[in-house]
Amino acid sequence: MALLIIPMTCFGSTLATSQPCQTPDDFVAATSPGHIMIGGLFAIHEKMLSSEDYPRRPEIQKCVGFEISIFLQTLAMIHSIEMINNSPLLSGVKLGYEIYDTCTEVTVAMAATLRFLSKLNCSREVVEFKCDYSSYMPRVKAVIGAGYSEITMAVSRMLNLQLMPQVSFESTAEILSDKIRFPSFLRTVPSDFYQTKAMAHLIQKSGWNWIGIIATDDDYGRLALNTFAVQTAANNVCIAFKEVLPAFLSDDTIEVRINETLEKIIAEAQLLDVLKNVTFTDEGNSFHFDAHGDMNTGYDVVLWKEIDGHMTITKMAQYDLRNNVFIITDQETKNEFRNLKQIQSKCSTECSPGQMKKTTRSQHICCYECVNCPENHYSNQTDMDHCLLCNNETHWAPVRSTRCFEKEVEYLNWNDSLAILLLALSLLGIMFVLAIGIIFTRNLDTPIVKSSGGLLVCYVILLCHFLNFASTGFFIGEPQDFTCKTRQTLFGVSFTLCISCILMKSLKILLAFSFDPKLQNFLKGLYKPIPIIFTCTGIQVVICTIWLIFAAPAVEENVSLPRVIILECEEGSVLAFGTMLGYIAILAFICFIFAFKGRKLPEHYNEAKFITFGLLIYFIAWVVFIPVYATTFGKYLPAVEIIVILISNYGILCCTFFPKCYVILCKQETNTKSAFLKMIYSYSSHAASSLAISHVSLDSTNSNITMTDPSSSGSSAAWQESKDLRARAFAHICRENATRVSKILPRKRISSI
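Going left to right, the sequence shown walks through residues -16 to -1, 1 to 737 as mature numbering (1 follows the signal peptide of the UniProt record, and there is no 0) numbers them.
Have a look at this one:
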């Protein structure tokens, strides 16, 4: 009771209602003289009554609403100073104090601050204006308080003029950490920034994202509300509502152990610098002011809950500001802490990996719908705001994917069923070529082989067919730069050589069986086998060489498909590719014209007719190839060209050599010299008769003569002329063909047909 009775004598105004202020001394709540004076600002009363006078007078009004907790804090300050004075800590120096009641009002606190700043030992309590306050001696050396951040900021701005140290035990506004605006302010409690940070961390650990905030209508509440809103938004936590209550309705002070703190404050010459370097010890933990004048002592996490109709507050954990962790001491408290996660405080359920949040029409980002990630997008965490895009060139992802998958590289593989079929057809064609070569070699001296141009020409054509079939192998397997360059060049040159040889054969057949002298002379001048073959093939070689030098085919990764990478040969130049194929088509068309002219030869030796059929197959295949090749996409694109090459090669090979092989193997009686001469004679007689009839018809038309009686003199004359034409034709055939066969000369044998 002594502790309470003695201070009550010092506080003449610590009643339910304070006494009116008549003199400056009446304004002081508690005072004690000393060598070094320390000021104190405490909100002992809850509020100040408003004046009923009108107009209002500029005077300090009465304060009402006694706060016992703040009164006890005031006693703690007095007790701490008395303990220091009674100890040998400051030998010969006595600490005094002046404590004022702010009445939770800024204007009252400002009046008290003017008293603090007034000059020491001056009869008139005034604050002198100076440009330099270094030698100025104010009434007090330091100020303890105030409690409310709003009052503290107003007081601190005045104390900054003299850099008077101010130590607050409750003001937690974050703005007070700004040493540019508040250079002389210090506090023994953490900033609101850390308090709101701890609260935001607790909400995040509990898995909540839909909360409400209640704050007091003062600087402390408003600043904390704004800071907390920013920190929760960074953690994707939405604020469902914000309520601001009057400050006097809530007790927002905190219990602090001010005794040990004030015992460490020792006034010296440079009190502010000394205070910044002071270290405090509390329950074995040391604390000190940081560069912002703050003291990060941490927070207690308490749980406010109702049990059997009674409200209880339980300490759950301690928040460590340095490590940003919650410290839990016992298992029961740990279970309580874990139970917070069972409380559902969310506007929407969380989106699983593979989904993303789609905001609704609500203004809150925490109210959303979960939608699946589209194709080629993924999300690997819960509640992602957007899906991540895969690298479309190398990866893909299905709908609602949690990761990207690497694209498979595809090409026409050797194990592919279509590739195996095409290879089998190519090998079959090569076997046909070898078989035909063997058959022709064993029947070298027969008329049917000689009429084909001889073994050398046949070997060259068969070699071209062999290379054409072999070139299809370069279209299968993993594309390489070498295979891309080789496959088109090999096919183009070999097929051109084949068509050039067939062109010479067609020209030779047309020359042998032409009865028009003018056409014969023209064909004889044109017929230069070796130069024409080399020229025609050489042009194709030049085209391919220019192609390989300036725009060579190369391997390309086609990434346009969503799930695979097509490894293909990029032709380099479409113009060069088209020129190569177009040149072959031109040679084939010329060959077709010559073969069509000589299509009416003896039955078993009518090679021109079969050449015509083979070239027709070639034209049809390549006409179909162009649109199919242009519209086909993917790994089977090379298969299209392989099929066309096989059709063209098989068409010409079968139409050129299979009829001859049939005669050699199945019609051996017609593959003799006598049978050959008989066919020549029959063909020549038929041709001569046709010429005679055509000539008679022409003469009868010109002379307007109608032949009605075969026994007439006109008919006899026409018959005689027909016999003469047959004789001349037979003589011509015999001279050009039969005579050559009988002499069996190397360069004038029957193979000239």
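Beta carbons are placed, not taken as given, at the ideal position from N, Cα and C, and that holds for glycine.
If you're wondering where the values come from, they're calculated on a predicted model, not measured in any experiment.
Per DSSP, N356 is one residue of the beta strand (DSSP E) stretching across 352 to 356. Separation of the CB atoms of S332 and C350 is rounded to 7 Å, and the pair is thereby assigned contact status at 8 Å. Here the alpha carbons of V441 and S484 stand approximately 11 Å from one another.
K78 is positioned such that its CB atom lies no closer than 7 Å to that of N70. With a cut-off of 8 Å on Cβ pairs, the region 143 to 152 is not in contact with the region 184 to 203, counting fewer than three such pairs. About 6 Å separates the CB atoms of T366 and S336; that is less than 8 Å, so the two are in contact. Across the structure, T58 and G80 are spaced so that their CA atoms are roughly 14 Å apart. The beta carbon of E51 sits closer than 7 Å to those of A27, I28, H29, E30, all from its chain and outside the five residues before and after it, given in chain order.
A direct Cα-Cα distance of roughly 8 Å separates R99 from V110.
A check of alpha carbon separations from G338 across P382, M295, L451 identifies P382 as the nearest.
In the three-state DSSP reduction, E66 falls in the helix class (H, G or I). DSSP links P122 through a beta bridge to K103. Each residue's CA atom was taken as its position, placing S190 and A217 some 16 Å apart. DSSP places M148 in the coil class of the three-state scheme, outside both helix and strand. Proximity of the region 468 to 487 to the region 553 to 567 meets the contact definition, three or more beta-carbon pairs being nearer than 8 Å. Residues of the same chain with a CB within less than 7 Å of the CB of F177, apart from the 5 flanking positions on each side, are E158, T211 in chain order. Boundaries of the alpha helix (DSSP H) harbouring K644: 621 to 650, taken from the DSSP string. Distance from the Cα of W531 is smallest, within the candidate group K469, V543, I568, for K469.
The C-alpha of T615 is placed about 15 Å away from the C-alpha of E554. Boundaries of the beta strand (DSSP E) around A538: 538 to 542. For V526, the uninterrupted alpha helix (DSSP H) run begins and ends at 513 to 534, by DSSP.
A residue is called buried when at least 16 other Cβ atoms come within 10 angstroms of its Cβ; P122 meets this threshold and is buried. Residue burial annotation: C115 is exposed, with fewer than 16 other C-beta atoms found within 10 angstroms of its C-beta. For L170, the enclosing beta strand (DSSP E) begins and ends at 169 to 171. Distance from the CA atom of C639 to the CA atom of C374, rounded to whole angstroms, is 55 Å. Of all alpha-carbon atoms in S53, L104, M94, G49, the one lying nearest the alpha-carbon of H19 is that of L104.
Per DSSP, reduced to three states, the secondary structure at C371 is coil, with no helix or strand assignment. For A381, the three-state secondary structure derived from DSSP is coil. Leaving aside the five residues that flank A419 on each side, none in its chain has a CB nearer than 6 Å to its CB.
Counting along the chain, the unbroken beta strand (DSSP E) around W194 starts and ends at 194 to 200.
In this structure Y204 is not in contact with T172, their Cβ atoms being roughly 16 Å apart against a cut-off of 8 Å. Annotated as distal: Q179 and N219, with beta-carbon spacing of 7 Å or more. Straight across, the Cα-Cα distance linking A14 with I223 is about 45 Å.
Using a 10 angstroms sphere on the CB of P431, the tally of other CB atoms reaches 16 or more, which defines it as buried. Counting along the chain, G598 sits inside the alpha helix (DSSP H) bounded by residues 591 to 615. In this structure, the alpha-carbon of H370 lies about 22 Å from that of R547.
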